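A.B. asks: Please see the structure below; I have some questions.
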Amino acid sequence: MENAEKGMKDIVLSDGYEVVKTAEDGSFNLKKNDKARFLFVRVSAGYKASGTHYIKIDPKLENYDFGLIQDEKQEADKLRFIQITDTETPLYGEWIDNIRKFSQQQNATLIMHTGDICYEPGMQFHARQVNTELMGVPTYYTVGNHDLVKGEYGEKLFEDLFGPVYYSFEAGPAHFVVTPMPGGDYAPSYSQDQVIAWLKKISL
37 MENAEKGMKD
47 IVLSDGYEVV
57 KTAEDGSFNL
67 KKNDKARFLF
77 VRVSAGYKAS
87 GTHYIKIDPK
97 LENYDFGLIQ
107 DEKQEADKLR
117 FIQITDTETP
127 LYGEWIDNIR
137 KFSQQQNATL
147 IMHTGDICYE
157 PGMQFHARQV
167 NTELMGVPTY
177 YTVGNHDLVK
187 GEYGEKLFED
197 LFGPVYYSFE
207 AGPAHFVVTP
217 MPGGDYAPSY
227 SQDQVIAWLK
237 KISL
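Position one of the sequence shown corresponds to residue 37 (the numbering used here), numbered consecutively onward.
What follows is the structure, given as structure tokens:
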């Protein structure tokens, strides 16, 4: 964290296997897991991530710091958000501008894309053109069956572009818990048992 930033207590973090909370000063201790590829934060209600909600685990990194800033759009008792799905295109279209404008008009807190982005060209395009910075609100992705593509493992490209395939975050009165497709065009590296084991811990 930057020198002027203060640590926050009871922020939930996970590596996809274990789940921990931060101490009074914002610090946390998570045992190393060679299978884990990301560390991700459960963004708390009333806040949004100043960067990404995840950091790729790297042995060269000494610290993993997440920035959370207050989100003035969020309300404690209601939530406006936009869900899009099965966009399945690598081409820019008017629909993107329409979603951005509608988001502004409705004072939406976030955009959630629930999968089938689709295939490598579509995923590369969405990462460039349908993201938090360009849409103006936090934009989250889930992996669809057609987003498990050829590579080292099925979700590798998704991870490279959008981060972990399962995670959670809060917004207003809601707690979103994102889980991945159990299978798709190519086999993923995760298993249903692995995701279920994490689910049992994420309610911490």
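For every residue, glycine included, the Cβ atom is placed at its ideal position computed from N, Cα and C.
Keep in mind that this is a model prediction, so the values were computed, not measured.
1. If you reduce the DSSP assignment to three classes, tell me which class Met159 lands in.
2. Distance, Cα to Cα, Lys96 vs Ile120?
3. Going by C-alpha to C-alpha distance, which of Thr168, Thr123, Asp94, Glu156 sits closest to Arg136?
4. Taking only runs that begin and end inside the segment 123-192, name each unbroken beta strand (DSSP E) of 3 or more residues, in chain order.
5. Going by alpha carbons, who is nearest to Asn143 out of Gln165, Val173, Lys186, Gly103?
6. Suppose you measure from the CA of Val231 to the CA of Ser63; what does that come to, to the nearest Å?
7. On the three-state DSSP scale, how would you describe Phe76?
8. Looking only at its own chain, which residues have a Cβ that is under 6 Å from the Cβ of His149, when we skip the five neighbours before and after it?
9. For Ser204, count neighbouring C-beta atoms within 10 Å of its own C-beta (all shown protein chains included) and say buried if the count is 16 or more, exposed if not.
10. Excluding five sequence neighbours on each side, which residues of the same chain lie with their C-beta closer than 7 Å to the C-beta of Ala72?
11. Nearest to Ala207 by alpha carbon, out of Leu66, Asp101, Leu115?
12. Can you tell me the Cα-Cα spacing of Val214 and Pro224, whole angstroms?
13. Determine the direct distance from the alpha carbon of Val55 to that of Pro209, and round the result to whole angstroms.
14. State the Cα-Cα distance for the pair Glu188 and Ala112, rounded to the nearest angstrom.
15. Identify every run of the alpha helix (DSSP H) within the segment 75-121, keeping only runs that are complete inside it and at least 4 residues long; order them along the chain.
16. Confirm, please, whether the CB-CB distance from Gly190 to Leu197 is below 7 Å.
17. Drop a sphere of 10 angstroms on the beta-carbon of Ile47, count the other beta-carbons inside from all chains shown, and report buried for 16 or more, exposed for fewer.
18. Taking 7 Å as the cut-off, decide whether the C-beta atoms of Asn181 and Gly129 are in contact.
19. Could you give the C-beta distance for Ile105 and Tyr83, rounded to a whole number, given that I count them as a contact under 8 Å?
20. Just verifying my parser: in three-state terms, what is the DSSP assignment at Ala210?
C.D. replies: On the basis of the supplied data:
1. helix
2. 37 Å
3. Thr168
4. 146-149, 175-177
5. Val173
6. 26 Å
7. strand
8. Ile120, Tyr177
9. Buried, since its Cβ has 16 or more Cβ neighbours within 10 Å.
10. Only Asp51, Gly52, Tyr53, Ile93 meet the Cβ criterion.
11. Leu115
12. 16 Å
13. 21 Å
14. So the alpha carbons of these two residues sit roughly 42 Å apart.
15. none
16. Result no, Cβ atoms of Leu197 and Gly190 do not sit closer than 7 Å.
17. With 16 or more other Cβ atoms within 10 Å, it is buried.
18. With contacts defined as CB atoms closer than 7 Å, Asn181 and Gly129 fail to qualify as a contacting pair.
19. Contact holds; Cβ gap of about 6 Å.
20. Looking at Ala210 - three-state DSSP - the assignment turns out to be strand.
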